[in-house]
Amino acid sequence: MAAALGAGAAAARPPALYVINHEERSMNRDRGTGTVGDSHGPTQGWTRLAPLSGVVFFVLLVASAVTAQDTPKEYASGVNVLSFFKAHESTTKASALLAGLGVVFLIFFASWLRTHLRSRGASALATAVFGGAVVIGVGGAARAGIGWALASGHDKIDPSAAQALNVLHASHYPAVVGIAVFMFATWLSVLRTGALPQWLGWLALPIALIAIVPPTLIPLIAAGVWILIASIVMYVRGGQTGRAA
Numbered sequence: 597m598a599a600a601l602g603a604g605a606a607a608a609r610p611p612a613l614y615v616i617n618h619e620e621r622s623m624n625r626d627r628g629t630g631t632v633g634d635s636h637g638p639t640q641g642w643t644r645l646a647p648l649s650g651v652v653f654f655v656l657l658v659a660s661a662v663t664a665q666d667t668p669k670e671y672a673s674g675v676n677v678l679s680f681f682k683a684h685e686s687t688t689k690a691s692a693l694l695a696g697l698g699v700v701f702l703i704f705f706a707s708w709l710r711t712h713l714r715s716r717g718a719s720a721l722a723t724a725v726f727g728g729a730v731v732i733g734v735g736g737a738a739r740a741g742i743g744w745a746l747a748s749g750h751d752k753i754d755p756s757a758a759q760a761l762n763v764l765h766a767s768h769y770p771a772v773v774g775i776a777v778f779m780f781a782t783w784l785s786v787l788r789t790g791a792l793p794q795w796l797g798w799l800a801l802p803i804a805l806i807a808i809v810p811p812t813l814i815p816l817i818a819a820g821v822w823i824l825i826a827s828i829v830m831y832v833r834g835g836q837t838g839r840a841a
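Numbered by the working numbering, the letters in the sequence shown go through residues 597 to 841 in order.
Right under this line is the structure:
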């Protein structure tokens, strides 16, 4: 009977090699070495580099603005609109592509910022920050899409339709509404949690206040500069996301 119990206990014990390998994996996870069986290595790399997505967004935003020509004002006639986009088809498309890529990196930056704010206890405000970034992205992508459509269809679109599309293309209102939400929620988050440097939070407040007041170009530039500064500051600080949510 004793022999049978001893044999059963021996069978229940995991092999020594398995125990050693399991302990080694656990130690590697604790050290964050990113070895086989460890999912934290790539995650740590993303956490470190994620703030720089804001820098990439800013670079693409500037490149898109530089590439674009001085587009027609909202009161331009349909004939003038079509004439402009026919003459600047290539540059308009290039600007639209750069703007679209910029939106992608903006969403990545906002995703990281939401995680960072949530880790410091600003759960609801973090959602508002991300929602504001999504509205900015939708506004920017829509404007880029309209520009692409006007450039591609300059020989197919009716002048009256082109005039209507140009009015939409000249409007930044959806984006600046998103900027107001993004910046105001960020300011409140910093005040409550200290998730970012206080001066960076206070810098967001005036941008939020002027976002819905014409001219709309000023808050767009200011928000881009704020994201650039925040990206660099948080990358220098190591991209830390604080305690677990």
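No residue lacks a Cβ here, since even glycine has one placed at the ideal position from N, Cα and C.
Nothing here was measured: the structure is a model prediction, and the numbers come from that model.
Query                                                                                                                                                            : Result
How many angstroms separate the CA atom of residue 746 from the CA atom of residue 819?                                                                          : 27 Å
Is it right to say residue 817 is buried, meaning 16 or more other beta carbons lie within 10 angstroms of its own, or is it exposed?                            : exposed
Apart from the five residues on each side of it in sequence, which residues of its chain come closer than 8 Å, Cβ to Cβ, to residue 768?                         : 735, 739, 812, 813, 816
For residue 845, which residues in the same chain have their Cβ closer than 7 Å to its Cβ, ignoring the five residues on either side in sequence?                : This structure leaves residue 845 out entirely; the chain is present only between 597 and 841.
Measuring straight from C-alpha to C-alpha, what distance separates residue 756 and residue 725?                                                                 : 38 Å
Beta carbon of residue 743, beta carbon of residue 688: below 9 Å?                                                                                               : yes
Taking the alpha-carbon of residue 680 as reference, which of 693, 664, 731, 694 has the nearest alpha-carbon?                                                   : 664
Sort 709, 775, 676 by Cα distance to residue 826 and report the nearest one.                                                                                     : 709
Check whether the stretch 789 to 800 touches the stretch 714 to 722, taking contact to mean three or more Cβ pairs, one atom from each stretch, closer than 8 Å. : yes
Would you tell me roughly how many angstroms separate the C-alpha atoms of residue 628 and residue 699, rounded to the nearest one?                              : Residue placement at residue 628 is poorly supported in this model, since its pLDDT is 40, which falls under 50; the coordinates are not used for a value here.
Using the Cβ count rule (16 or more neighbours within 10 Å means buried), how would you classify residue 737?                                                    : buried
Could you please give the first and the last residue of the uninterrupted alpha helix (DSSP H) stretch that includes residue 689?                                : 685 to 715
Give the DSSP-derived three-state secondary structure of residue 644 in the structure shown.                                                                     : helix
Considering only residues of the same chain and omitting the five flanking positions on each side of residue 830, which have a CB-CB separation below 6 Å?       : 647
Please name the residue in 660, 778, 809 whose C-alpha comes closest to that of residue 799.                                                                     : 778
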